[in-house]
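For reference, the structure is listed below as structure tokens.
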Amino acid sequence: MKIISRKSGILSVVLAALLALSACADAPVEDPKRTASDTGGHAMSAEQLKSAVNFDHELDSYVPKKDHYNFYFTYKTVHPWWDAVALGMEDAQRQFLDKGIRITYEYMAPEGASAEDQTQRLHDALSKDYDVIGVDVADDAIISPILDEMVDSGAKVMTFSSSDASEGCKRIAYVGNTHNYQDGADLTEALCEKLGYKGKVAILVGSVGAPCHEDRAAGAKDTIAKYPDMEIVATEYDNDSVDTAYDLTKKILADNPDLSGIICCNMSNPVGAARAVTELESDAVIVGMDHDEEALRYLNDGVIYCLGVQDCYSIGFDTICIAVKIADGNMPGELFPEKTNEITTVIYQEDAAQMLELLYGVVL
Amino acid sequence: MKPKRQITNKSIVMTAIIGSLVIIAMVTANTIWSSRRTDSATSEAVSEVSSFYLEAMADHGAKTLTNLIGSNFEQMEKAVAFIAGEDVRTQDDLRHNIGMVKTLLNLNRFALVDDDNIVYTQYTTYTGRSRHSFLSEETLSDRIITTVSPYGSSKQLCLAIPTSELTLMGKHFKACFVLLDISDIVDLLALDDEGRTSFALYARNGGNLSDTELGPVISNHNFFDALKNVVPEDVWNENYANFQNEMHGSLTFASEGAEESLYYAPIPETDWELVVLIRESVIQNRIRDISKRTQRASENQIIFASTAILLLAASLLLMLRRFSKERLDEEKETSRTFQNMANTDAMTGVRNKFAYTENETAINEQIRSGEIQNLGVVVGDINGLKYVNDTQGHAAGDKLIKDACALICEYFKQGAVFRIGGDEFAVILQGKGYETMHETIDALNAKVERNIQENGVVVSIGHSHLNADDSQLRDVFERADQEMYERKKLLKEMGAKVRI
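Protein chains in written order, with this note's numbering: chain A, 3 to 366; chain B, 709 to 1208.
Written out as structure tokens, the structure is:
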């Protein structure tokens, strides 16, 4: 299991940028952060890019106590992002099966993010004899107390993917993005730099109350707040729908023709925003999250400026591994941490083609 | 009239050598021509074989894939029928049955989907609308074949069929599907493990679906992007249109100094084109190897044939020379024989009147030219021949002639003896014979005189020698002949028989 801290991830990017800059002896050494004008500095090596999403996992030496585990996982909404997580889960499941350990699970979500729906699902799951129940928290304020109740009733509960429960929740462990706020801040910082720290920006968010989306939006807002010449003219929620993101962007651009940038906090935001920007021939700079194939193509075409790619595959793989340990009665400590951090890698236009090939086998 | 050209040994040798060289040159030229013709025919054959081979492979591959898809659909129908017939009450029951059909029917990643787009596999149940594009349809009315590009995985072929009649665990199921790795499908086709033949599946837009490399030029890139600057624009457009219109086609282009040929065939219902590529040099090299071996054999044959021809020519030459020599010798011998026969008197074995005349002509030439100063002629006549013929018969007469000749020859050993008439002989004496002429005549005459007493052979001889004023042999002969008659008379007086 590969656990990469956010700091080490950022450090590696910074080091790579420094190395790239140092190779140009005559070039003035500037801020090592990647900028749009510094096109050469954005390109990552193949190895760096591969480390953004790790598809080469192997089970650790832990020996499960049973030969069959049955889990229940629920996540915010039906969306390709969680399909990527599912593929990591299935990889772990296959590897356990090769060792003679059968893992069955349900991996369920509603068509639209809904704390109520998630609450119902969790109650249903509690009535069944699952070894572990895993939750991608739809709304931490609503779901966290329910998780506490479930734990109190004897259920083994963990959280996973990009949204953890509230601080102090009794869930046993979390696997996923622990730095959503910082991801939002980093993307926004890149946007501000690109725009010269001035101009109007809009924020697109996913689902109301979804911790990951809200945290990123918070990071974005706080970053914009640092620059007096920048202004947030709109903050809208697309409920993880590309079509909604598209409609919202068109509306924002209509209301703000001089819009300079759009900060997208989930996977559907940048796709919808890019479609609208392209259609309306806007110059708005888009920064956003995740690895949607269409978004990567927009990144390759220069419509999107940068994307924060999360390692969904590792999230899925590690979730199953830790679920097995939790099911065996283990608690966070030597075997696994209470929070397993998975990295986010910010990629730019120069990296898009490689990422498309890495994730989708698309050779441009 | 043109003079006849004489055939000499030299001309025969030259003819044999030139003939041999001409034959060798013709054989060599013919072999080289045949070899070049073979080369050219080979190239044409390679192209035809390549096209035929590729077309056959592509069509076969396309049929194989079509059969594979058809077979999977059939197995899926069987799987659904099997599960529908089972008592499935719980999710565990369903997972168990899905596991069974996967194993029994060899259905990879078989899954069922209920009306809520929840996907049921052997180990997992998940909400699948976003993961499987075909589930975006509310209902399925027919078989669906889609190509999917899962995150981080190779591209897959998704085959789905509606299951409108299937209800399990109180839920209605809308479809079942299987997922097949496209790279695995192509691996089934790639029989050539030496990488000389490449297979790849492409989408209509030329996107590589199988993650396989199609030679060094196209590699794993988009088919049409890779060929953009490799083939002429009209060829590129034609092939692009073929892809769009699900048609067969072929293409040849240069790559790293070799020619690459590819053929593509559409796979029905999939929006795929199966492309088979082969480096033509593979076939060409094979055939060229064979051709080179044949050429080497031809060269050896030429060398062998040339050597054989030269040896044969040399043998024939030697034989011809030997034969010619033998013929020449024979002719000489025959000529000699005939000459002898013409110049020899058959009865006595000495030279005849014809020989005497030849000698006379030659000697006359020498007399005229002054080459001869010393020459004597003895003329002899047999006494009593007619008498013997008349009284004792011709056989006795012939014997008398032979005896007389033998007598003359016995005494004139160093002279040329000629029988110039029935009972007449002439002896030409030169050199030693001339020097001893008188002694010899005296001895012979003495012998003849004794023979008169003893009833032996009696020959009357007269002689003369060449005088300075003699212009021809005849002059000498006539004086000798005159003397011979004088002698004949004398011998008659001495009792010898004479012609009456």
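Beta carbons are placed, not taken as given, at the ideal position from N, Cα and C, and that holds for glycine. Since we're looking at a predicted model, the values are computed, not measured.
Item	Value
9 Å Cβ cut-off: residues of chain A touching R837 (chain B)	V80, E113
Interface flag, G860 (chain B) vs chain A, CB-CB below 8 Å	yes
Which listed residue (A:G335, A:K78, A:G201) has its alpha carbon closest to that of A167 (chain A)	A:K78
Beta-carbon proximity of G1238 (chain B) to F932 (chain B), cut-off 8 Å	This structure gives no information on residue 1238 (chain B), because the portion of chain B shown stretches from 709 to 1208.
Environment of Y350 (chain A) [buried if 16+ CB atoms lie within 10 Å]	buried
Amino acids of chain B, ordered along the chain, whose beta-carbon sits closer than 7 Å to that of E336 (chain A)	Near E336 (chain A) there are no residues of chain B at all, since even the closest Cβ is about 29 Å away, more than 7 Å.
Contacts around L1028 (chain B), its chain only, beta-carbon distance under 7 Å, and the 5 residues preceding and following it disregarded	I720
Chain A within 8 Å of D979 (chain B), Cβ atoms only	no
Whole beta strand (DSSP E) elements within the stretch 195-221 of chain A, 3-residue minimum	201-207
For A115 (chain A), three-class secondary structure by DSSP	coil
Range covered by the alpha helix (DSSP H) that runs through I174 (chain A)	From DSSP, I174 (chain A) is part of no alpha helix (DSSP H); its letter is neither H nor E.
Listed by chain order, chain B residues near L361 (chain A) by CB distance under 7 Å	Y859, G860
Closest residue to F760 (chain B) among B:T1042, B:S1023, B:S958, B:R1044 (Cα-Cα distance)	B:S958
Cβ of T832 (chain B) within 8 Å of any chain A Cβ	yes
Those runs of the alpha helix (DSSP H) which lie wholly inside the stretch 1042-1079 of chain B and span at least 4 residues	1061-1077
N814 (chain B) at chain A interface by Cβ criterion, 8 Å	no
When A:K101, A:A88, A:K52 are compared against D2 (chain A), the one with the closest alpha-carbon	Outside the displayed span of chain A (3 to 366) sits residue 2 (chain A), for which this structure offers no information.
R676 (chain B) versus H880 (chain B): straight-line alpha-carbon distance, rounded	Summary: the structure shown does not reach residue 676 (chain B), with chain B confined to residues 709 through 1208, and so no result is reported for it.
Cα-Cα separation, D133 (chain A) to Y71 (chain A)	6 Å
Beta-carbon neighbours of R104 (chain A), restricted to chain B and to distances below 8 Å	Y831
Residue-level contact to chain B via CB, V142 (chain A), 8 Å cutoff	A small fix is needed here, since residue 142 (chain A) is Asp in this sequence, not Val. It does not: the Cβ of D142 (chain A) has no partner Cβ on chain B nearer than 8 Å.
Proximal residues of chain A, C-beta to C-beta of R803 (chain B) below 8 Å	T106
Under 7 Å from the C-beta of E296 (chain A): neighbouring residues of chain B	The premise fails here: E296 (chain A) is roughly 12 Å from chain B at the closest Cβ pair, so nothing lies under 7 Å.
For V1058 (chain B) and V1167 (chain B), believed in contact at Cβ under 8 Å, the rounded distance	Not confirmed; about 13 Å, so no contact.
Closer than 7 Å at the beta carbon, the chain A residues around N916 (chain B)	V365
V311 (chain A) - DSSP class collapsed to helix/strand/coil	strand
The stretch 330-339 of chain A / the stretch 280-295 of chain A touching (three or more Cβ pairs under 8 Å)	no
Residues that S1168 (chain B) bridges to, as DSSP identifies them	B:D1089
Where S146 (chain A) sits in the DSSP three-state scheme	helix
contact_flag[the stretch 283-290 of chain A, the stretch 213-221 of chain A] where n(CB pairs < 8 Å) is 3 or more	no
Which residues DSSP lists as bridging N916 (chain B), in chain order	B:Y910
The stretch 1134-1143 of chain B in contact with the stretch 1113-1122 of chain B per 3-pair CB rule at 8 Å	yes
Chain-order list of residues whose beta-carbon lies under 8 Å from that of T978 (chain B) (same chain, five-residue window excluded)	L773, I777, I853, T855, L865
Cβ pair D242 (chain A), A88 (chain A) closer than 8 Å	no
Chain-ordered chain B contacts of L89 (chain A) [CB-CB under 7 Å]	P858, Y859, G860, S861
Per-residue DSSP class, three states only, for E1162 (chain B)	helix
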